[in-house]
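Here it is, written out as structure tokens:
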């Protein structure tokens, strides 16, 4: 049984790898929407279907993509998490494998087969909302995993909430909307589009305004600060003690 | 070396040259070593550079007074920066600059003084080894007798032993004096409520709507999509002046799972609504907010001590120091489709307390 499973996994990876290398498709930028969808279909068949199934129905190696919407595809492929390089506690961010046009073609294809959350409008991503409201919502809904300064944090069994600094506004929005991997879904009834815009505003405010206390040691709180004091504070005390008691040359 | 357990001295004495001269109290069961550590005395006296070379002496002197000058400069700089970098604008950058320059100035002032003084004593002050003998702590017999005498005299003169009413009222006054503090501190605790009752119940009651934190908007069951996590407060909590105290007990995390994934025990089947479950957000270990929800594994993680609760199995503890499952809030929907509580939590929320049954 184990051998069969191993062979199956091996086949999936070789097939996936071959599919990756053999994809020479390029998306037509100014094509009509049906052409884009066709392009996305080809890219999907070559790069995604081995795990997610030719009709998005999912296989033993990957979940069904029915109803995930364009937002999900744009987040997973646009941040390089998909296609998956290897299985593990969670999909890791990698260099993005596709051009933005190819990503939107695949997103259009997946969205064309079954309705789901769409890629958000640019007006919600401008970072010009209410940062104060965003900060309160962030502390209530996000900070327990992502850290109050958005520095990320550990979850169980090797999973983690990634840092939010340097993440594109569109990807933050899509993550809230679709709940990638173990992140819960924050639909528009829970956090309205304006709330999401405020949260993005807060995160962008954090990026633009450095910590008032000086160097923030990764914003990890007492762990990093305690380690710093332990090493450099105690180290300085030991050094001064040695200097005090040593005889002058 | 031979010895017996009761009197090592007697047995050890004939064979040990060191023990021959020993006349102190019994050593008990200690083994007396023949190769006892001897005092090596002082290391050979070594002249310092400043003792040998007048140039080095001059240099050290310059270093010391430079440090003192630096200290003066630091003090002046701190005063100048307090005036020169005001924080009245409230801008973060101004506050940062003011704190930085004040800190640098005061640090220079103190470090210049301290380092200068130590450098002075190490490099320039007399270079000579010496011993300060340790003297016994016990005073002389005369001193001790005199001390007893003083106490006796004080007793005579004050009459504290004789005038018992004065003595007893004084003791009484000293005992009574801290009592106001006890009464005042009691006022900081919960008043007019039974603490046990207060810890055992929250403001949730039958028919109360589940509302969003912080807006207080009611939540429809249809809005809670699969994989969602809603942070919930009781309806109307924002109208109370002590809403934070109430929220500290009543905070709820609402999640929707596939109903097939839930395994309620007999009697609790009706507590969820179509896969929507509501659990207390207060950890049963020491009361941190448990809200790190993993929507695929359906595990809830507490950020403080990594207690992990399994939402599929009534939030039973699967890892970490928490001893009890998270209390569940039984929920249903009202006629308008909004989620409401069926009752208060099934058990007291939060950490254990003495009277908790």
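Residue numbers (the working numbering), protein chains in the order written: chain C, 1 to 249; chain A, 1001 to 1357.
Ideal Cβ placement from N, Cα and C applies to all residues, glycine included.
Computed from a predicted model, the values in this text were never measured in an experiment.
Counting along the chain, where does the beta strand (DSSP E) carrying residue i start and finish?
i, result
"residue 1273/A", "Residue 1273/A -> no beta strand (DSSP E), and no H or E assigned at all."
"residue 1309/A", "1308–1310"
"residue 1329/A", "It is not in any beta strand (DSSP E) - residue 1329/A carries neither H nor E in the DSSP assignment."
"residue 1339/A", "1339–1341"
"residue 178/C", "Element bounds for residue 178/C: not the beta strand (DSSP E) but the alpha helix (DSSP H), 169–178."
Is residue i close to chain A? Criterion is C-beta to C-beta, closer than 7 Å.
i, result
"residue 92/C", "no"
"residue 132/C", "no"
"residue 140/C", "yes"
"residue 253/C", "Within the shown structure, residues of chain C are numbered from 1 to 249, placing residue 253/C beyond reach of any answer."
"residue 55/C", "no"
"residue 187/C", "yes"
"residue 79/C", "no"
"residue 248/C", "yes"
"residue 234/C", "no"
"residue 59/C", "no"
"residue 176/C", "no"
"residue 152/C", "no"
"residue 182/C", "yes"
Using CA coordinates, which residue listed in the options is at the minimum distance from residue i?
i, options, result
"residue 1312/A", "1105/A, 1269/A and 1287/A", "1269/A"
"residue 1242/A", "1255/A, 1203/A and 1275/A", "1203/A"
"residue 1068/A", "1120/A, 1095/A and 1040/A", "1120/A"
"residue 1079/A", "1055/A, 1104/A and 1091/A", "1104/A"
"residue 155/C", "1076/A, 1246/A and 1308/A", "1308/A"
"residue 120/C", "162/C, 45/C and 72/C", "72/C"
"residue 1315/A", "1210/A, 1343/A, 1335/A and 1278/A", "1278/A"
"residue 207/C", "167/C, 75/C and 116/C", "167/C"
"residue 137/C", "51/C, 34/C, 103/C and 192/C", "192/C"
"residue 1342/A", "1336/A, 1332/A, 1349/A and 1348/A", "1332/A"
"residue 127/C", "196/C, 150/C and 50/C", "196/C"
"residue 1273/A", "1287/A, 1099/A, 1258/A and 1322/A", "1258/A"
"residue 1061/A", "1071/A, 1050/A and 1070/A", "1050/A"
"residue 1111/A", "1071/A, 1089/A and 1143/A", "1071/A"
"residue 179/C", "51/C, 69/C, 61/C and 40/C", "69/C"
Go to residue i, then tell me how far its alpha helix (DSSP H) extends in each direction, as first and last residue.
i, result
"residue 195/C", "193–208"
"residue 1104/A", "1092–1123"
"residue 1319/A", "Looking at the DSSP string, residue 1319/A is not in any alpha helix (DSSP H); the run it does join, the beta strand (DSSP E), is 1316–1319."
"residue 1079/A", "1054–1084"
"residue 215/C", "Run containing residue 215/C: none; DSSP gives neither H nor E here."
"residue 1229/A", "Residue 1229/A -> not in any alpha helix (DSSP H); beta strand (DSSP E) instead, spanning 1229–1234."
Can you grab the Cα-Cα spacing for the pair residue i / residue j, in whole Å?
i, j, result
"residue 25/C", "residue 1267/A", "Any answer about residue 25/C is weak, because its pLDDT of 39 lies below 50 and its placement is not dependable; what the coordinates show is given next. Spanning the two alpha carbons is a distance of roughly 58 Å."
"residue 1163/A", "residue 1031/A", "57 Å"
"residue 1175/A", "residue 1183/A", "14 Å"
"residue 164/C", "residue 210/C", "15 Å"
"residue 1066/A", "residue 1073/A", "10 Å"
"residue 170/C", "residue 1225/A", "21 Å"
"residue 1276/A", "residue 1221/A", "8 Å"
"residue 96/C", "residue 1244/A", "45 Å"
"residue 1196/A", "residue 1355/A", "7 Å"
"residue 174/C", "residue 98/C", "18 Å"
"residue 1212/A", "residue 1237/A", "11 Å"
"residue 1087/A", "residue 82/C", "49 Å"
"residue 109/C", "residue 59/C", "19 Å"
"residue 100/C", "residue 78/C", "7 Å"
"residue 1295/A", "residue 1216/A", "24 Å"
"residue 1181/A", "residue 1167/A", "24 Å"
"residue 43/C", "residue 65/C", "15 Å"
"residue 1041/A", "residue 1132/A", "14 Å"
"residue 36/C", "residue 103/C", "10 Å"
"residue 116/C", "residue 67/C", "5 Å"
"residue 1149/A", "residue 1141/A", "12 Å"
"residue 80/C", "residue 172/C", "14 Å"
Throw me the rounded Cβ distance for the residue i and residue j pair, which I believe falls under 8 Å.
i, j, result
"residue 1385/A", "residue 187/C", "Chain A is shown from 1001 up to 1357; residue 1385/A falls before or after that span and cannot be answered."
"residue 1297/A", "residue 1351/A", "The pair is not a contact, with the Cβ atoms about 25 Å apart (cut-off 8 Å)."
"residue 205/C", "residue 143/C", "About 15 Å separates the two Cβ atoms, so there is no contact after all."
"residue 1228/A", "residue 1186/A", "Their Cβ separation, rounded to whole angstroms, is 45 Å, which puts residue 1228/A and residue 1186/A out of contact at 8 Å."
"residue 1249/A", "residue 1282/A", "7 Å"
"residue 219/C", "residue 147/C", "6 Å"
"residue 111/C", "residue 118/C", "7 Å"
Give a yes or no on whether the minimum CB-CB distance between residue i and chain C is below 7 Å.
i, result
"residue 1231/A", "yes"
"residue 1059/A", "no"
"residue 1096/A", "yes"
"residue 1339/A", "no"
"residue 1251/A", "no"
"residue 1081/A", "no"
"residue 1123/A", "yes"
"residue 1295/A", "yes"
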